[in-house]
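Let me begin by presenting the structure, written as structure tokens, before commenting on it.
See below:
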């Protein structure tokens, strides 16, 4: 009898661990294409938090602006994210698309910066770093 109970527990444990639960589709599900755009913008917002903005301020939270742009709230995003994540194969494809878009944006940004750098080098080929040389009659030198 003990063997049957242990076997039953092991089988039920095995099935519970490999459950492929797909959540019920939310009534206000964010469409797949919008979800990809949203995730790209969220990653950019998280990355921008570590840099300075035009007002020379660090650490600003841009996530509310992302939610406003897509006219959603964090609850709707969470529900949609749980739904998409419940089908891991589908969610992996979404995240690969997000990753490729971010890589494309990075490559485009690097190309622009490289072009700007080459323009500076063309316009100022003999630009050298200035060094400080005190005047001969400077009272601080004596």
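Numbering (the working numbering), first residue to last: 1 to 142.
Ideal Cβ positions, reconstructed from N, Cα and C, are used throughout, including at glycine.
- Measure the CB-CB distance between residue 73 and residue 67 and report whether it falls below 8 Å. Translated into the one-based positions of the chain shown, residue 73 becomes position 73. Translated into the one-based positions of the chain shown, residue 67 becomes position 67. The answer is yes: Cβ separation under 8 Å.
- Compute the beta-carbon to beta-carbon distance between residue 29 and residue 70, rounded to the nearest angstrom, for a pair I have assumed lies under 8 Å. Position 29 of the chain shown, counted from the start, is the residue given in the question as residue 29. Position 70 of the chain shown, counted from the start, is the residue given in the question as residue 70. In this structure residue 29 is not in contact with residue 70, their Cβ atoms being roughly 13 Å apart against a cut-off of 8 Å.
- Through-space distance from residue 106 to residue 23, alpha-carbon basis: In the chain shown, the residue the question calls residue 23 occupies position 23. In the chain shown, the residue the question calls residue 106 occupies position 106. The C-alpha of residue 23 lies about 34 Å from the C-alpha of residue 106.
- Message: Given this structure, state the Cα-to-Cα distance separating residue 50 from residue 104, to the nearest angstrom.
- Response: Mapped onto the chain shown, residue 50 falls at position 50. Mapped onto the chain shown, residue 104 falls at position 104. Spanning the two alpha carbons is a distance of roughly 21 Å.
- Message: Taking its Cβ as the centre, do 16 or more other Cβ atoms sit within 10 Å of residue 98, making it buried, or is it exposed?
- Response: For this step, residue 98 is matched to residue 98 along the chain shown. Counting Cβ neighbours within 10 Å, residue 98 comes out buried, since at least 16 surround it.
- Item | residue 117: CB within 7 Å of a non-hydrogen atom of the ligand GDP | Ligands displayed in this structure: none; no statement on the ligand GDP is therefore possible.
- Task: Measure the C-alpha to C-alpha separation of residue 102 and residue 95 and round it to an integer number of angstroms.
- Result: Reading the chain shown from its first residue, position 102 is the one you call residue 102. Reading the chain shown from its first residue, position 95 is the one you call residue 95. C-alpha separation (whole angstroms): 10 Å.
- Task: Specify the secondary structure class of residue 102 as computed by DSSP and reduced to three states.
- Result: Looking up residue 102 in the chain shown gives position 102. In the three-state reduction of the DSSP assignment, residue 102 falls in the helix class, which pools H, G and I.
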